[in-house]
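Taking it in order: structure first as structure tokens, then the write-up.
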Amino acid sequence: MRRLAVWAILLALPSAVLAQNLLLDPTFSEPVAITCSQNPSTDEWNFAVWQAWASSGPLKCRRNAETHIGEDDCPRDPEGDNDSMRGSISWGEPTQHRIYQTVSVTPGVTYNLTGWWMGGNDTGAAVTFKVELRDGPTYSSTLLPGSFGGSIPASQSFKWTPFSLSGTPSTNQLTVVVYGSASSWGAKTIHVDDLLLEVAPCPNPPTIDEPVAPGTNPTPDHAGRNTTVNVQITGTNFEEGKMTVKLRRGTTTITATNVVLSGGTSMTCDFDLTGAALGYWDLVVEKDLCPPEAVLLNAFRVVLAGPALHNGSFELPTAPGGCPVTPQGGPSDWTFTQFDFYGGSFGYRDEDAVLPPSCPPPDGDHYLSTKSRRGGGVARATQTVTCTPGTTYTFTGMFAGGGGNVVRIALL
């Protein structure tokens, strides 16, 4: 099948177009608080979404605790500047402290955590600090391999330093934990800021080949609405049993069935276009546990199943009949475009203000109308249907107009 476009054109010539942070409040800026200072009476705020846990004694997990590094070193934000707030664990007892947050994830997918931290130790013994990824809903869930951290020697500190670690959970929840512990009394602090938890890129995600000519990928690149079409797609890194193919238009998706691979670079699938919106759709190829998805924009077009015109008498959508009648908007299955520098070219139904046709119109009810308010304006009504190559088609109809207009009717 090929596409046949019917263009009814009226020229009115009057005579004169991968990263999402899964963590909430990753820079510890909520709730909105004060500027950077060392005043405990104003700095020690509770967290908005992070949770805290202490093994004993007062809960000292908070924002903007003292630095304990011998000077005031304000926190980072994503641009590397000071944003006045940081997440902190600051305590004096020989105890353990944690701040943590749990997010929903996809089992089997690898996630990366990056951020910045610094710490200070005014005690006579080393302080242990770590960042952990836990496979489950709390700080005590199974520890994933690859926790990152070390120790701060007695009476030592370190400035803002980047860190990163990765983990692959087996459950649908992942908990990020910042941990500190000490065996002696004395002031110590761990600070974190600018955290980012995101899906790790897959080493071999799928791709879709760019078409070298219209209709070459996917093949075919169009089909009639309310039909089922078998489509061939070429690309790379396709794997048996792992591929999902979709058509996507805004928030609406059509998921393919009967996906069949032919090696790692070609596959076929079926799309059920029942009720699909006319126009262009993006082609989306996903691979299980291997983001990102591959997207080919405006790769597939849903047209009308031809060769007969749809709504050629302009009776749809249903509306009050008669002549004249208040314009009812564009008729179903027709697309309207305007070419007018000043605006004011229109295509709709039942225009009767400029030159109403004889009443009643040829079929006794609605009719298609175009109008331009300025010289050089173009209003175009288009309908595209499937057709059979090599077949001759005839387009007939009736029209009336005035105002020095030029009317063009074309089959393309």
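When you line the sequence shown up against our numbering, it's residues 347 to 758, in that order.
We put the CB at the ideal spot given by N, CA and C, even for glycine.
Item, Value
"Nearest to P508 (by Cα), restricted to the options V577, P663 and F494", "F494"
"Strand pairing of L459, partner residues [DSSP]", "L511 and L543"
"Residue span of the beta strand (DSSP E) that contains C816, given as start and end", "Absent from the structure is residue 816, since the part of the chain shown begins at 347 and ends at 758."
"Contacts around D567, its chain only, beta-carbon distance under 8 Å, and the 5 residues preceding and following it disregarded", "P557, P560, G561, A645, F646 and R647"
"Top-ranked residue by Cα proximity to L650, from A500, S678, P564 and D628", "S678"
"Top-ranked residue by Cα proximity to R571, from D696, T730, H537 and R480", "T730"
"Pair within 8 Å by beta-carbon distance, N583 and P547", "no"
"D696 to T683 span [Cα, whole Å]", "17 Å"
"Assigned secondary structure, E478 (DSSP; H/G/I helix, E/B strand, else coil)", "strand"
"Member of C615, G587 and L662 whose CA lies at the smallest distance from the CA of I579", "C615"
"Candidates P372, T590 and L607: closest to T599 by CA position", "T590"
"Cβ contact (3+ pairs, closer than 8 Å) linking the segment 513-525 and the segment 456-470", "yes"
"Test item: CB-CB of D628 and L642 under 8 Å", "yes"
"Other residues of its chain near A654: CB distance less than 8 Å, five sequence neighbours each side excluded", "V731"
"Stretch-stretch touch, CB-based, cutoff 8 Å, three pairs: the segment 492-506 with the segment 472-482", "yes"
"Spatially closest choice to T611 from L370, P708, S529 and T553, by CA coordinates", "T553"
"Same chain only: Cβ atoms within 6 Å of K505, ignoring 5 sequence neighbours per side", "M464"
"Collapsed DSSP secondary structure at K592 in the structure displayed", "strand"
"Opening and closing residue of the beta strand (DSSP E) in which H712 lies", "Premise fails: H712 is in no beta strand (DSSP E) and is neither H nor E."
"Sequence-distant residues of its chain with Cβ nearer than 8 Å to G513 (five each side left out)", "T456, Y457, L459, L479, D481, L490, P491, G492 and L520"
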